[in-house]
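K.L.:
Residue numbers (the numbering used here), protein chains in the order written: chain A, 1 to 597; chain B, 598 to 889; chain C, 890 to 1283. Cβ coordinates follow ideal geometry from the N, Cα and C atoms, glycine included.
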Amino acid sequence: MSAQHKMKDSIPLFVPHSFRTTESNKTGSWRFLRPRYDEKTAPCSAACPAGEDIGRIEMLTARGLFKEAWETILKENPLPAACGRVCLRPCEKECNRREFDEGIGIRTMERFLADTAARYELKPSLERLSSQNRKMAVVGAGPAGLAAAYFLTRLGYGCDVFESAPEPGGVLRYGIPAYRLPVGVLRAEIEQICGTGFNLYCQKPVTKAFLEEIQSEYDAVFLGCGRSRGVALHIAGEEAGGVEDGLQFLQKVNRGEAPSFFNAQVAVIGGGNTAVDAARTVLRLGGRPLLVYRRRREDMPAFEEEISMALEEGVQLLELWSPLRIEGKGGQYLLTLQQMKTVDTSPGERARVEPVNPQTTQELRVLHVIKAVGLEAAEEWQNPPVAQEGVLLLTNSVIVRGSPVLAYGGDLASRIKSVSHAVASGKEAAIALDILFHKGPDHVLPGLETCRVGNGSSLSMEVYMRGPRCARNRHVVTFSEINTDHFQFAPKVAQPRLLREERVSSFAEIDLRISAGLAMKEAERCFNCGLCNQCDNCRLYCPDLAVVRDNGSGGRSIDYDYCKGCGICVVECPRNAMSLEKEAPPQSRRDRREEKL
Amino acid sequence: MQPEVPDRDYMFPGHVGCPGCGAAIAMRFLLKALGEKTVMVIPACCWSIIAGAYPQSALKIPVLHTAFETGGAVASGVRAALDMKGDTETTVVTWAGDGGTFDIGFQALSGAVERNEDFLYVCYDNEAYMNTGIQRSSSTPYGAWTTTTPGRDWKKMRKKNIVEALVAHRIPYAATASIAFPEDLFRKVAKAKAIKGARFIHIFASCPTGWRIPSEISVKIARMAVQTNIFPLYEVEDGLRYTINFFPKGYLVKEYFRLQGRFKHLTEKDLDQIQSMVEEDWKLLLRKAGLS
Amino acid sequence: MKRVLEGSHSVAEAVRLAKAEVIAAYPITPQTHIVERLSDFCADGSLNARYLRVESEHSAMAALIGASSAGVRTFTATSSQGLALMHEVLHWASGARLPIVLAEVNRALAPGWNIWTDQTDSLAQRDTGWIQLYCETGQEVLDTTLQAFRLAENVSLPVMVVLDAFYLSHTYEPVDVPDQEQVDRFLPPFTPRFMLDTERPCAFNQMAPPDVYMEMRRSIQEGMEEALGRFAEMEDEFKKIFGRSYGAVEPIACEDAEIILVTSGTMSSTCRQLVKELRSRGEKVGILKIKLFRPFPAESIRRRLKTARKAAVIDRNFSFGSGGIFAGEVKAALCDIPERPVVFSFIAGLGGRDVTVGDLENIYMQTKNHDVPQQESIWTGLRPASAPAPDLKR
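#1: To the nearest angstrom, report how far apart C/Ala1097 and C/Pro1140 are at their CA atoms.
#2: Rounded to whole angstroms, what is the Cα-Cα separation between A/Met309 and A/Glu522?
#3: Return helix, strand or coil for A/Met465, following the three-state DSSP convention.
#4: Give the secondary structure of C/Ala901 by DSSP, where H, G and I count as helix, E and B as strand, and everything else as coil.
#5: Note down, one range per segment and in chain order, each beta strand (DSSP E) of at least 3 residues found wholly within the segment 959-1041 of chain C.
#6: Counting only beta-carbon atoms, is C/Cys1091 nearer than 8 Å to chain B?
#7: Using a beta-carbon distance cut-off of less than 9 Å, what residues from the segment 946-961 of chain C approach chain B?
#8: For C/Arg1106, which three-state DSSP category applies?
#9: Please state whether the Cβ-Cβ distance between B/Ala705 and B/Gly669 is less than 8 Å.
#10: How many Å lie between C/Thr921 and C/Ala903 at the Cα?
#11: Which chain B residues are close to A/Arg20, counting only those with a beta carbon under 8 Å from its beta carbon?
#12: What span of residues does the alpha helix (DSSP H) with C/Asp855 cover, start to end?
#13: Would you mind working out which of C/Thr1245, C/Arg1229 and C/Leu987 sits nearest C/Thr1286, comparing C-alpha positions?
#14: Exposed or buried, C/Glu1188, counting other C-beta atoms within 10 Å across all chains shown (16 or more means buried)?
#15: By Cβ distance, which residues of its chain are closer than 8 Å to C/Ala1274, with the 5 residues on each side in sequence left out?
#16: Give the DSSP-derived three-state secondary structure of A/Tyr201 in the structure shown.
#17: Going by beta-carbon coordinates alone, are A/Ala584 and A/Leu152 separated by less than 8 Å?
#18: How about B/Val833 and B/Ala771: are their beta carbons less than 8 Å apart?
#19: Are the CB atoms of A/Ile370 and A/Gly237 nearer to each other than 8 Å?
#20: For the segment 526-533 of chain A against the segment 605-621 of chain B, are there 3 or more C-beta pairs whose distance is under 8 Å?
#21: So what does DSSP say about A/Val138, is it helix, strand or coil?
#22: Examine chain A for any beta-carbon lying closer than 8 Å to the beta-carbon of C/Ser1045, and answer yes or no.
#23: Which same chain residues, not among the five before or five after A/Gln495, have their C-beta less than 7 Å away from its C-beta?
#24: Run through chain B and tell me which residues come within less than 7 Å of A/Gly565, C-beta to C-beta.
#25: Could you list the residues in the segment 969-983 of chain C with a C-beta less than 8 Å from some C-beta on chain A, going in chain order?
#26: For a cutoff of 8 Å on Cβ pairs, would you count C/Ala1121 as touching chain A?
#27: Just how far apart, CA to CA, sit A/Val268 and A/Val276?
#28: Would the beta-carbon of C/Leu1241 fall within 8 Å of that of C/Asp1007?
#29: Taking just the CA atoms, how far does C/Thr1026 sit from B/Lys793?
#30: Smallest Cα separation from B/Ala765: which of B/Arg838, B/Ala655, B/Pro640 and B/Ile810?
#31: Look up A/Tyr541 in the DSSP assignment and say whether it is helix, strand or coil.
#32: Mark C/Tyr1061 as exposed unless 16 or more other C-beta atoms lie within 10 angstroms of its C-beta, in which case mark it buried.
#33: Does the Cβ of C/Ile1226 have 16 or more other Cβ atoms within 10 Å, making it buried, or fewer, making it exposed?
#34: Can you tell me which of the three DSSP states A/Glu39 falls into?
#35: Under 8 Å, do B/Val638 and B/Thr698 count as touching if we go by C-beta distance?
#36: Beta-carbon of B/Trp879 versus every beta-carbon of chain C: anything under 8 Å?
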């Protein structure tokens, strides 16, 4: 009965007046479907060789938490400044937003974060396991070696890195022109990584003898020697003096020994990144480069963007011409080229070519010839062994059991030769070695399996180190699982660049920095596939007020006392960070009354 | 990104709405925007039940449950009483379903708004008599199955355009809103709250039970109704000034109909006809908004 | 102050003196003079009230349900079809325990259209939980309307003040209109037992399941039972201030009467005339005028009637398939006492047909001349069927 104030002579009233709440109705008992927070894997992160948590990186960036975003990269990749410039961006190809309007400029964002961290001289706070009683040697301070040393150090191992060149960085330092990766940026980044705590010894040429010498001192040796020798063309005259190797040419320029070409015509043979880099370097040194490639432009292994910029800058491209011989003649070279034709053009694959019939040739008179048709190990022992007893062939590395354990990584062990694959290889070897030492060889493969990102081959160090990312569902979110109703069309940030005229006259970096405002705007475009960014839709649309915000963590939880299991929260989650599953039989419900995010 | 959402709720969990009830969402949104200085009149409708039985109430504001056809009249009386007591701050709001608005309550509503009573009338429209078990109302759309339009007798009349009927009374404010567009809804309720005189908001509130849809798409379907132009979002001030609040991306009505069991009997031809009816209505609205 | 007032205006004067705060009404003949006069009062400021000119009687009552729930004094007036249209919300008003006052001008229900007096409209609402008070004179109309507010607020039940169409509503009589000060003493400002209050949120009239509904209904009945005693107390106080009272029932010359005419409304006045004449001829006849119909004052009626040999109940109303409604109620009240009068039930004056002194004398004679009634209900003054009407199509 409602508590009415009593008048002296008032009669009792029993009226339908309700003063109590409905909270005693535990409508959760109606439920036969159960929503839960279930963070999943973004396709970009599954595609990233380094397994970076890109969705989360963008989420933090969108909120202006640049340091946290940068640290999130560093959990998986020690080289964001380099990768943010030269990565071949497999992530961007998988971006779900591409099906909506345009994909996210992930690499641009990575570079922005790394540059911002460098600019403010930020020091990351990263998790590091307590020190282990084992010592590791890393041979080669290229991206793979640096990554291996970085991850091994974080796993608690003492680590010595040996590099033959005067400066660390390997291909990053000497193989990539400064207009793509400025030396200062790289130096700062490597210095930052060295802060992790490993020892770096440069100008230490590593030979087989040296390896044998250090064997007793280390429990394992990581070999990341890279490919430093150009592949031969196997044509007459290629050994002629002055026919230069592409990589060696780039290394020379990067060491500061830049020749001058004074408007000279220079033939660059090849279609890969080294060839394109060499051609553009020639251009910047005053020459007139001509790229000679035996297949078509679309078959070139170099990045499309680099090719188009090269052409824009004035590099000439001769497609479907293959060199037959090189003849040195009075300070010049006569190049005889043979015309090719395609014989098999399956889409998505490089065309197969053969000489046209009857044979058609042309002669080319040039002042210099640079050949860049591929790279290989400088010495045979640097190559990993083939499959045999005691050898573990992993995705981007090869582990050979013994004393010490040998781990081959980097370009010589990876199928795809790229900086991010080199990072992946260093990480894979580090994790594999850690498992090997702690649990034994049989656990390496299953152990690696537990820290895969999504369904691909990338590994997550955060998952391996049992960070929060462990809770992530491996399911890779597809575009159809994104609730695009909650997103507006927005154009992708345009990467600002130097003008063509500015580019060709110097080695200044072509891609310019973007502003923080622009970076946040671009990051906001990210779907954050599979991740909760606390948009609050689940709570907003809940008809039963059964989604509760935890004021401490800012997360959400479902109050299963009242949740009727309608599933609206799951559907209205823009990013598929929730799941709806069959409710367990009533007796087991009590155990998980409240499931926190 | 995140809509400007008033954080406080004036509703309790434990109410007895069906899972995925659009009317429950609509109530939550409305009260978030209105705040505690609100007296609510609820004529017979789903919410007469959802609010819970004696001695419970799911709402944190005073509520007067009342007879089916009395939404407009009871609110007039409450307003008059508050005015007599000098309380001009409290908002009097009638919360009625489509039956209580389009049909049985239409007379009292028309009377109240003709008198320009100072109150807000909100119709949450689930397009049939859902509380009694899915019977046809004049708000039931063309093509729909209900328990009183079964089989081949599916409804062959258009849905009554209630907003236009209210606009014809030249009331200060009339608007449509949807549970799938909370920002728009909050804005309209706040705007209506600040206006004196008769105000009407027509909220599209899906009903998984009656529409034969899975409860989880309850909000999505409401959004699609807007995206397909079946339920345009617009507002009319003083019966004259039309503003269309959302311009759809051109979804086809088919996509909306195909998801709902209540329309499953419709043929491609029927759907084509409905598409042209929707387009005709949209053109008419554009013309009123001075956009064609 | 004595004034010559139309019955309708007596109602309006009382509402003005009672300081009703919200009035909602819809016009219907013969109620119109009440609401027109109230409109004048609101317009000229002599009554500070919100007058809602609603679009139907149903909405009139609904609006008052809203206003009364918000804690103000409320009033409406209607008649016949209008009251019938209100039926649903009459239940709502009593179930919600709202002290709404309604002036009901008795008018016949259609078809055929008939605007003249007949009690069936109000008596058909006897089960709605409303207190019903029937009036005989213009003074009684004014006094009863004032009393209605006090009684209603006292027992948290709505009250219907009932007056005959035209015979009362449109008839001018000298009426003593009391001072405001006197009225204020009798009827203090309304103190609601409960009201819609944003400071203390509560849901009114929520669904009441079987486990509570019955007790809530019982509570209404307790209010009704209480109203009988409260009515008497209230009248005592009324008498102290105004010097007048009416009683739930009024016995006239009943002490030694062998035959008692049981009446209500204006027909009681005609009966008074008849009884005066019959008494002068030595007939032992009396009148029992019933004012309070709901709650039904069964005990008072038993006490007044048990000494008579016969009672003739005259009903200006009819319950089809049963009989005169007052007669039925009176019979039910008497059936449990061993020594009880024989009850004759007469139906007279439906649809405003005049009931003259002669007609009533005829009723008296029939009662006197028979030991038992010849029929369950004796329809008086029926005329033979007229010739068939000409065909419209011709």
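P.N.:
If we stick to the structure as given:
#1: Here residue 1097 of chain C is taken as the residue at index 208 of the third sequence, counted from 1. Here residue 1140 of chain C is taken as the residue at index 251 of the third sequence, counted from 1. Between C/Ala1097 and C/Pro1140, the C-alpha separation is close to 43 Å.
#2: Along the first sequence, one-based indexing puts residue 309 of chain A at 309. Along the first sequence, one-based indexing puts residue 522 of chain A at 522. Roughly 24 Å separates the two Cα atoms.
#3: In the first sequence, residue 465 of chain A corresponds to position 465, counting from 1. Coil, per DSSP.
#4: For the purposes of this step, residue 901 of chain C is taken as residue 12 along the third sequence, with counting starting at 1. In this structure, DSSP gives C/Ala901 a helical state, which the three-state scheme calls helix.
#5: 963-967, 990-995 and 1020-1023
#6: Here residue 1091 of chain C refers to the residue found at position 202 of the third sequence. A Cβ of chain B is located within less than 8 Å of the beta carbon of C/Cys1091.
#7: His947, Ser948, Ala949, Met950, Ala951, Ala952, Leu953, Ile954, Gly955, Ala956, Ser957, Ser958, Ala959, Gly960 and Val961
#8: Looking up residue 1106 of chain C in the third sequence gives position 217. Note: C/Arg1106 maps to helix in three-state DSSP.
#9: Numbered from its first residue, the second sequence carries residue 705 of chain B at position 108. Numbered from its first residue, the second sequence carries residue 669 of chain B at position 72. Their beta carbons are under 8 Å apart, which means B/Ala705 touches B/Gly669 by this criterion.
#10: Position 32 of the third sequence, counting from 1, holds the residue named residue 921 of chain C. Position 14 of the third sequence, counting from 1, holds the residue named residue 903 of chain C. Roughly 16 Å separates the two Cα atoms.
#11: As a first step, residue 20 of chain A is located in the first sequence; it is residue number 20 there, counting from the start. Those are Pro652, Gln653 and Ser654, listed as they occur along chain B.
#12: Outside the shown range of chain C (890 to 1283) lies residue 855 of chain C, about which nothing can therefore be said.
#13: Look at the range of chain C in this structure, 890 to 1283, and you will see that residue 1286 of chain C is not part of it.
#14: As a working mapping, residue 1188 of chain C is identified with position 299 in the third sequence. Burial call: exposed.
#15: Residue mapping note: residue 1274 of chain C aligns to position 385 of the third sequence, counting from 1. No residues qualify anywhere along the chain.
#16: Start at 1 with the first residue of the first sequence, and residue 201 of chain A comes out as number 201. Of the three classes helix, strand and coil, the one that applies to A/Tyr201 here is strand, per DSSP.
#17: Stepping through the first sequence from its first residue, residue 584 of chain A is reached at position 584. Stepping through the first sequence from its first residue, residue 152 of chain A is reached at position 152. The answer is no: Cβ separation not under 8 Å.
#18: Here residue 833 of chain B corresponds to residue number 236 of the second sequence, with the count starting at 1. Here residue 771 of chain B corresponds to residue number 174 of the second sequence, with the count starting at 1. Yes, the Cβ-Cβ distance between B/Val833 and B/Ala771 is below 8 Å.
#19: For the purposes of this step, residue 370 of chain A is taken as the residue at position 370 of the first sequence. For the purposes of this step, residue 237 of chain A is taken as the residue at position 237 of the first sequence. No, the Cβ-Cβ distance between A/Ile370 and A/Gly237 is not below 8 Å.
#20: Result no; under three Cβ-Cβ pairs closer than 8 Å.
#21: Position 138 of the first sequence, counting from 1, holds the residue named residue 138 of chain A. Correct three-state label for A/Val138: strand.
#22: Taking the third sequence and counting its residues from 1, the one referred to as residue 1045 of chain C is at position 156. With 8 Å as the cut-off, C/Ser1045 counts as an interface residue toward chain A.
#23: Locating residue 495 of chain A in the first sequence gives position 495, where the first residue counts as 1. Gly105, Thr108 and Asp511.
#24: Here residue 565 of chain A refers to the residue found at position 565 when the first sequence is read from its first residue. Chain-ordered, the chain B residues with CB closer than 7 Å to the CB of A/Gly565 read Pro616.
#25: none
#26: Counting from 1 along the third sequence, the entry for residue 1121 of chain C is found at position 232. Output row for C/Ala1121: interface = no.
#27: Indexing the first sequence from 1 puts residue 268 of chain A at position 268. Indexing the first sequence from 1 puts residue 276 of chain A at position 276. Going from the Cα of A/Val268 to the Cα of A/Val276 covers about 8 Å.
#28: Walking along the third sequence from the start, residue 1241 of chain C turns up at place 352. Walking along the third sequence from the start, residue 1007 of chain C turns up at place 118. In the sequence as presented, Leu is not what sits at residue 1241 of chain C; that position holds Gly. Contact: yes.
#29: In the second sequence, the residue the question calls residue 793 of chain B occupies position 196. In the third sequence, the residue the question calls residue 1026 of chain C occupies position 137. Approximately 45 Å, taken between the alpha carbons.
#30: The count along the second sequence starts at 1 and reaches residue 765 of chain B at position 168. Answer by Cα proximity: B/Arg838.
#31: Working through the first sequence from its first residue, we reach residue 541 of chain A at position 541. It is helical.
#32: Locating residue 1061 of chain C in the third sequence gives position 172, where the first residue counts as 1. Exposed, by the Cβ-count rule.
#33: Taking the first residue of the third sequence as 1, we reach residue 1226 of chain C at position 337. Flag for C/Ile1226 reads exposed.
#34: Mapped onto the first sequence, residue 39 of chain A falls at position 39. Of the three classes helix, strand and coil, the one that applies to A/Glu39 here is coil, per DSSP.
#35: Walking along the second sequence from the start, residue 638 of chain B turns up at place 41. Walking along the second sequence from the start, residue 698 of chain B turns up at place 101. For B/Val638 and B/Thr698, no; Cβs fall outside 8 Å.
#36: Looking up residue 879 of chain B in the second sequence gives position 282. So, not an interface residue.
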